[in-house]
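S.K.: I have a structure I would like to understand better, so I am pasting it below and will then ask my questions one at a time.
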Amino acid sequence: MSDLFGTESWWVVIVKAVLIFVVLVVYTLFNIWFERRVVAKMQHRVGPNVHGPFGLLQSLADGVKLALKEDIIPTAADKVVYVLAPIIATIPAFMAWAVIPFGPEVKIPFTDTVTPLQLTDLPVGVIYVLAVTSIGIYGIVLAGWSSGSTYALLGGMRSSAQMISYEIAMGLTFVSVFLYAGSMSTAAIVEAQEGMWFFIPLFPAFVIYVIAMVGETNRAPFDLPEAEGELVGGFHTEYSSLKFALFFLAEYVNMVTVSALATTLFLGGWRAPYPIAFWDGANEGYWPVLWFLGKTLAFIFLFIWLRGTLPRMRYDQFMKFGWKWLIPAALAWTVLVMIVRKVQSDLTLDRQTLLIVAACVAVVLLLVSLIPESKKADEVEDEVEFDAFAGGFPVPPMPGRQTSTDRTDQTETTATSTTSREE
Amino acid sequence: MVTFWTLAPIMVLAALGVVLARKAVHSALLLAVVMISLAITYASQGAPFLFAVQIIVYTGAIMMLFLFVLMLVGVDASDSLVETIKGQRMMALVVGLTFGVLVVLVVGQGVVGVSVGLGEANANGNVYGLAALMFTKYVLAIEFTAALLITAAVGAMVLAHRERLVPRRSQREESARRLQEYAETGRHPGPLPTPGVYARHNAVDTPALLPDGSPSELSVSRVLRARGSVREGFEGDVGQTLRQLDPDDPTSTIGGSTPRRGGSGRTEES
Amino acid sequence: MIHPLLVSASAPPPIDSPTIQYGDLSPLLVVAAVALLGVMVEAFAPRALRFTIQTALAIGGIVVALAATVWVGLGLDRASGDVLARGRVVAEGAVAVDGPSVFMWGLVLLFALVSMLLFAERRLEGGLSAFTGQAAAPPGSAMEREAVEHRIEHTEVFPLAMFALVGMMLFPAANDLLTMFVALEVLSLPLYLLCGLARRRRLLSQESAMKYFLLGAFSSAFFAYGIALVYGFAGGFGLGDIDQAVSNRIDGQNLLLAGIALMAVGVMFKVGAVPFHAWTPDVYQGAPTAVTAFMAAGTKVAAFGAMLRLFFVAFGGASWDWRPMFWVVAILTMVVGAVAAVTQSDVKRMLAYSSIAHAGFILVGVTGAFVGTRDASVTSVSSVLFYLTVYGFSTIGAFAIVTIVRDASGETTQLSRWAGLGRESPLVAGAFALFMLAFAGIPLTSGFIGKWAVFSAAWSGGAWPLVVVAVLASVVAASFYVRVIVTMFFTEPTGEGPSVAVPSMATTAVIVVAVVVTVLLGVVPGPVLDLAQSAGAFVR
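Residue numbers (the numbering used here), protein chains in the order written: chain A, 3 to 425; chain B, 129 to 398; chain C, 1025 to 1564.
Printed below as a string of C-alpha cells:
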C-alpha cells in the first residue's frame, strides 16, 4: 500500500473526491444512454439518437426533466423515512468508491505533487465496500416500507432478502482472492495481480462473483424487487421526481461499483490488458484509467446483454439458486482454495503443476458430463387410454398425444356425449 | 477525540430515541444509527476490521432481519400498556435507573490513567494483530463458536421448517382436480377475475363489474375485504353522482345492494 | 504520523501455528465430532433409520468420550510448584485439563449417558419419543395431527444434546474468559431449543423455552459485560493473568469489583441461585422431562465447575471481597428454595424449587472457600464435586420416575394425583421415596454424605454461621420431601388414582442406576469421595 495515503495535503484529497463524484455521475448518464442504445440494437431498433451526437445528451435531458417533475409524497407515507430513504440509498453507493484504485501513482498536472489515483486505501478495503453497500440496502427497504403501499413493501422485502442472500455468496468469493493476494486492501490486490490476473486461477470464484453481483444490484434476470408485471415498480412505485432520480442514480452507480470491484479483484484492476501490456508505458501515467474504465464498461455491457436476452426468474427459483447452489459452490470453492494453498506452501508446488492438475480435473469433469445419462423411468408414461371425460368434463389431450386407432371412436363418443349434454 | 465528541451525542440521542420512538421501525432505524456510529468510533480508534464487521454483521444482517420482521408482522400499533403485575413498570424504572447509576459510578471511578498498548497491538496492522490472536491463543474459542453457529442453524430449522408430509400436487393433478371440482360443484376452474379499474383508485381495492353491472366479490383480495378497505365501485362514488344528477333514474341503483359471486355468475349465462 | 486506521505492514512476520494437545482434549473433541456427525445423519440418513442411528451414535460417542476421559485422567501429572493441583493448561492457555476438569467431564458424560437413555424412551408415547413430531406446527393444529399420523420425530434432539454436552464440558475447564463465554453459549443455546420441544403441553413447553432464552440471553449479557470490565482491570483474558493482576494491582479496584459482581450474576443464573432463580420452576415444569433431567444435572455441574474455577483461580486473591456476597446469596437461595418448595402442588415445580435449595447447599461449600492443606482433607472443591455427583444421579432418577407416572393426557405431575402411588406400584414409589430421602439428606443415602461434605468444608473454611442456616434449611426442606412420601404411601387415592406406565429397558435402566448409585454412595461413599479429593485443586 502506498505510503502516501493519510499524509496527502487536504486539497489533493478534495480534488480526488470531487473528481470521483463527477466521474460517477457522468458515467451514470453515459451508461443510461449506453444501455438504451445496446438494448435497442439487440431488439433491432435504433434507440435515442436525436439529442447531441449519437443521442448522447438524451439521458441528460431525461435527467433534467425528471428533476423538474412534481414531487409527490403519498398520504400514507411515513414522511421522514420517505425522504431519507433515497438519500440513504445514494450516499453509500458513492462512498464505496473511496477505496477503488483507478490507477498507479501519478503526477498531478501543473504541480509537483505525486498522488495515487485512489482516494484512500484501507487494510480492509474490500470488506469496507461490502459494509458500505450493505447500508445501501437500507435505502431500498425503508423506501418500500415508508411508501405505505403494498407493492412497494413487497418490493422492499424482496430486495433486502435478495441482497442479503447474494451478499453471502459474494463475500465468500472474496475469501479466495484474499488468500491469493494476502491482503484485503484493494491496492494490494491489484499489486498482487502483476503476474497473472486472478480470474484465471480463481475462475469459479469469478463466475460466482459475476452471478452474485447481478443479484446484488437487482438487475435482470434478477430484478425481482421491481418486477413490473407483479409489483408495478417495486420499492420505488410511489416515488417521483428527484427522489426517484436518486434511486435511479444509486442503481447505476451500484452497477458500476460492483463492476469496478470485479475489475479490481479479478481482472487486474487498472493493469493493461494483454496485447497492450507489451507496451512499456501502458501501466504508467494516466493510461491505466482508460484500461480500468474500459474493463468496467465491459461488465456494464454484460449487464445490458443479460437484460436484453434473459427473462426474469421466479422469486422462489431465484432464492433456491442462491442458497442451494451459489452459496454451497462458493463454500466448496473456498475450502478447495484453502487446501490448495496449504498444499502449495507445504509441498512447495509451483503454479504450473497446479494449473496442469486443474486442467486435468476440468477435462475429466467435462468428459464425465458428456457421458449420456441413463434413461430414466419417467419416460414410461402410463399408457392408459385417453378419456376426455374422465373428470366429467371434456379435457383436450396433452400436446403431442396421439390417440391413433381409437381416435374416431373417441371423437364419436365425444360428439355424442356433448350432444347429450346439450339436450 | 473529535470523532468521539461528535458521535457520542448522536449515539446517546439515538439510543434514547430507540426507547422512546412510537413506531417500532423508527426504533430499529435509530438502533442502526447507534450501530453505525459505534462502527465509526471503532475505526477512529484504529480498529478498521471491527468497523467493517460491525457494519456488515450488525447493521447489514441483524438489523436488517429485525426490520424484515417488523415490516412483515407490521408491529405498527403501540403495545398494550396494561400492567399484568401492578406497579411493575415503576419498579422496573427505579431498579433499572439505580443499576444504571451504580454501574456508571463504579466504572466511571474505576477508569484511571490512559489506555496503552494500541500501537503495540496494531504494530503490523490491525488485521494482522487480530489474526495472530484468533489463530493462536483463541483458536479453540473460535472453533467452538462453530458449534454455536451449527446449533443456531439446526435450531432455526427445527423450530421453523415445516416438512412436507404429503407429496406436492403437480400442476397437472391440480388442473385435473379443478375440473373435477367444476364438474361437481360448478366452481370456475380458471383464475379469479381481476379487479376493476377506475382512474380514481388503486385498482386492487376496487371490485370489477359483471356484465349486469353488479360488482364481483371474487375480484378483490379476501384480505382487503376482511380489512374493510374495499371500494364499492358503482355503488359508491358513481352511483352517488348519478343519484345526484337524476334522483329518479333507476340505473343509479344498478346491481342491487348485495354483490354477487362473480365466478359462478359466468357459468349460468348459457 | 499515519492514523492507526491505515497502518498495515507490507511483510508482517508469519504467524506460527498454535500447539493444541489433541490427546488432552480428546473427550471434548469426540463429543463435538459426534454432534457434527449427528447433524450429517439428519441431512442424509433415511427417516426410518434416523432414530436408531442417532441413539447409537450419541450413546456410543459418550462411551468413547468416557473412555478418553479416564485415559486423560490417568495421565495427569502433578503441576509444577503446586502441592495439590495436577494437570496442565493446554491449547495455548484456553483449557485447563486438571483434576476437577477431568472429574467434571466424567460426571457430565455419565449424566448425559443416562439422560440419553431417557431421550431414547419411545414406549411411553406409543412408539414415539417424548419430543414433538414437528415443532413448526402450531400446537393443536391440523398440521400437528398430520405429523403424529405420519409418525415423524425430531431426531435433531440428539445432536443438540451433544452440543450442549460439549458446552457443559468446556465451561468448567475453560481457562480464559473468552473460551468460558463461548462455552456458556454453546451449553445454553441447545438447551433453550430442547426446552421447547415437548410432545405434550406444547404451549407450556414453548413458553418455558422463550422464558429461558430471554432470561438466559440477559444473564449472558451480564456475564459478557463483567468479562469486559475484568479485562479492563487485568488487561488479559487468561484466568492466570487475572489472578496476577488481582494480587498485584492496587488501582482500578472498582472495575474488578463491578466485573466480579456482573460475572457472578451470569453464573448464578445458570445454577439457579436466588435472586436469579425465577426461570427455574417454569422451565423445569415446561421442558420435556428428559431434558429437565439432563439440564438439572448437567448444567449444575458445568456452572458450579465454572464458578469454582472463576472464583478460586481468577478471583481467589479477592476472596474477601466476594465472599460476603456469596454468604447472602447462599442463605437466600437455601431459604427461598426450601420455603417455596413447601407450597408447591406440582411434582416438577417442587423438584425445581428443591434444585434451587440444593444450589444453596452447594453454594455453602463454595462460600467456605476452603482450599485444604494436604491431600486427604475435604476441600471446597472436592466436597462440591461430590455433592454434584450425588445430586445429579438422584435428580435424574426422580425425573425418570416423573416420566412414567402417567394418565391419558401424558405425565401426571399434580402432587395430589400421586396419592396412593405406593399401593399402585410399590417399587416405583419406593424408588421415588428413596430419592426424596436422599434430597432430604437422611443418613444411609448419598444425600447425607454430600451434605456432610459441603458443610464440613464450609466449617473448615470458617463459615460456621452459614452451616447453621444450612442445617435449618435442610430441616424445612426435609418436611416437604417427607410430605411427598406421605402422599404416596399413606393417602387414599382420589378418583382413579395414578397409573404407572411400563417403560422400555432404557428408562428402567436409568431408574435402577440412579437407585443403586444413591444407595451405594450413602453406604460406601469412600471410593468416590477419594476420587473427588484426589482430583485436588485447579491448575493455574
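The C-beta atom is built at its ideal place from N, Cα and C for all residues, glycine as well. As the structure is a prediction and not an experimental result, all values here were calculated from the model.
#1: Return the chain-ordered ranges of every alpha helix (DSSP H) run that is complete within the stretch 198-251 of chain A and spans a minimum of 4 residues.
#2: On the DSSP bridge assignment, give the partners of C/Phe1182 in chain order.
#3: Any idea what DSSP makes of A/Ala331, helix, strand or coil?
#4: May I ask you to report which of helix, strand or coil DSSP gives B/Gln173?
#5: Anything in chain B within Cβ reach of C/Met1167, meaning under 8 Å, just list it in chain order.
#6: Counting contacts by CB-CB distance shorter than 8 Å, is A/Met321 in contact with chain B?
#7: Whose Cβ in chain B lies nearer than 8 Å to the Cβ of A/Ala262?
#8: By the 7 Å beta-carbon criterion, what residues does the stretch 257-286 of chain B contribute toward chain D?
#9: So, under 8 Å CB-CB, C/Gln1045 and C/Gly1062 are touching, yes? Tell me the CB distance rounded to an integer number of Å.
#10: In this structure, does DSSP put A/Ser161 in helix, strand or coil?
#11: Taking the alpha helix (DSSP H) that A/Leu119 falls in, what are its first and last residues?
#12: Distance cutoff 8 Å, beta carbons only. Does C/Asn1272 sit that close to anything in chain B?
#13: Taking the C-alpha atoms as reference points, what is the distance between B/Ala354 and A/Phe104?
#14: Per DSSP, C/Asp1122 is paired with what?
#15: Rank A/Val28, A/Phe249 and A/Val370 by C-alpha distance to the C-alpha of A/Leu295 and give the top, closest one.
#16: For a cutoff of 8 Å on Cβ pairs, would you count C/Ile1039 as touching chain B?
#17: Using a Cβ-Cβ cut-off of 8 Å, state whether B/Gly314 counts as contacting chain A.
#18: For the stretch 105-137 of chain A, which residues have a beta carbon sitting closer than 7 Å to at least one beta carbon of chain B?
#19: What is the DSSP secondary structure of C/Gly1416, reduced to helix, strand or coil?
#20: Got a sec: is the Cβ-Cβ distance from B/Thr187 to anything in chain A below 8 Å?
#21: Using a Cβ-Cβ cut-off of 8 Å, state whether A/Ser11 counts as contacting chain B.
#22: Could you work out which residues of chain B lie near C/Glu1209, taking near to mean beta carbons separated by less than 8 Å?
#23: Please return the same chain residues whose Cβ sits closer than 7 Å to the Cβ of A/Val48, not counting the five positions on each side in sequence.
#24: Whose C-beta lies closer than 6 Å to the C-beta of C/Gly1290 among residues of the same chain, with five residues either side of it excluded?
#25: Against chain B, does A/Phe96 count as a neighbour if the rule is that its beta carbon must be under 8 Å from one of theirs?
#26: Straight-line CA distance for C/Met1192 to C/Ala1326?
#27: Given that a residue counts as buried once 16 or more other Cβ atoms are within 10 Å of its Cβ, and exposed if not, what is A/Lys495?
#28: Short check: CB of A/Ile90 to CB of A/Gly157, under 8 Å?
#29: Applying the criterion that 16 or more other CB atoms from any shown protein chain within 10 Å of the CB defines a buried residue, is C/Asp1306 buried or exposed?
#30: For chain B, find out if any of its Cβ atoms is closer than 8 Å to the Cβ of C/Val1367; answer yes or no.
#31: Residues of the stretch 180-197 of chain A in Cβ contact with chain B at a cutoff of 8 Å, in chain order, please.
#32: Using C-beta distances below 6 Å, list every residue in its chain close to C/Phe1456, excluding the 5 sequence neighbours before and after it, in chain order.
#33: Listed in chain order, which residues of the stretch 212-228 of chain B have Cβ atoms closer than 9 Å to some Cβ of chain C?
#34: CA-CA distance, A/Glu193 and A/Val179?
#35: Inspect the beta-carbon positions of C/Ala1188 and C/Pro1163 and report whether they are closer than 8 Å.
#36: In its own chain, which residues sit with a C-beta less than 6 Å from the C-beta of B/Leu352, not counting the 5 before and 5 after it?
M.R.: The structure says:
#1: As far as the stretch 198-251 of chain A is concerned, its whole alpha helix (DSSP H) runs of at least 4 residues are 205-218 and 230-233.
#2: Here C/Phe1182 is not bridged, per DSSP, to any residue.
#3: Three-state DSSP puts A/Ala331 in a helix.
#4: Shown here, B/Gln173 sits in coil according to DSSP, grouped into three states, outside any helix or strand.
#5: Residues of chain B with a Cβ closer than 8 Å to the Cβ of C/Met1167 are, in chain order, Arg290.
#6: For A/Met321, the answer is no, since every Cβ of chain B falls outside 8 Å of its Cβ.
#7: Those within 8 Å of A/Ala262 in chain B number zero; the least Cβ separation is about 18 Å.
#8: Here chain D cannot be found, since the structure's protein chains are A, B and C.
#9: Between the beta-carbon of C/Gln1045 and that of C/Gly1062 there is about 25 Å, and that puts the pair past the 8 Å contact cut.
#10: In this structure, DSSP gives A/Ser161 a helical state, which the three-state scheme calls helix.
#11: According to the DSSP assignment, A/Leu119 belongs to no alpha helix (DSSP H) but to the beta strand (DSSP E) extending over Val116 to Leu119.
#12: It does not: the Cβ of C/Asn1272 has no partner Cβ on chain B nearer than 8 Å.
#13: Their Cα atoms are separated by approximately 57 Å.
#14: C/Asp1122 pairs with C/Gly1111.
#15: The candidate whose alpha carbon is nearest that of A/Leu295 is A/Val28.
#16: At least one beta carbon of chain B lies nearer than 8 Å to the beta carbon of C/Ile1039.
#17: Output row for B/Gly314: interface = no.
#18: For the stretch 105-137 of chain A, the beta-carbon criterion of a distance under 7 Å to any beta-carbon of chain B is satisfied by Leu124, Pro125, Val126, Ile129, Tyr130, Leu132, Ala133, Ser136 and Ile137.
#19: In the structure shown, C/Gly1416 sits in a helix (DSSP, three-state: H, G or I).
#20: B/Thr187 belongs to the set of residues whose beta carbon lies under 8 Å from a beta carbon in chain A.
#21: At least 8 Å separates the CB of A/Ser11 from every CB of chain B.
#22: Leu276, listed in chain order.
#23: Hits under 7 Å: Ala42.
#24: Here C/Gly1290 has Ser1243, Phe1246 and Phe1247 as same chain residues with Cβ atoms under 6 Å from its own Cβ, once five neighbours each way along the sequence are excluded.
#25: Not a single CB atom of chain B sits nearer than 8 Å to the CB of A/Phe96.
#26: CA-to-CA, the gap between C/Met1192 and C/Ala1326 works out to about 5 Å.
#27: Coverage of chain A is limited to positions 3 through 425, which leaves residue 495 of chain A absent and any answer about it impossible.
#28: Annotated as distal: A/Ile90 and A/Gly157, with beta-carbon spacing of 8 Å or more.
#29: It counts as buried.
#30: The amino acid occupying residue 1367 of chain C in the given sequence is Thr; Val does not appear at that position. By this cut-off, C/Thr1367 is not an interface position.
#31: Answer in chain order: Met186.
#32: Within the same chain, and ignoring the five residues on either side of C/Phe1456 in sequence, the residues whose Cβ sits closer than 6 Å to its Cβ are Ile1425.
#33: Across the stretch 212-228 of chain B, no CB contact with chain C closer than 9 Å is found for any residue.
#34: In this structure, the alpha-carbon of A/Glu193 lies about 12 Å from that of A/Val179.
#35: By the CB criterion at 8 Å, C/Ala1188 and C/Pro1163 fall outside the cutoff.
#36: Hits under 6 Å: Asp333 and Val358.
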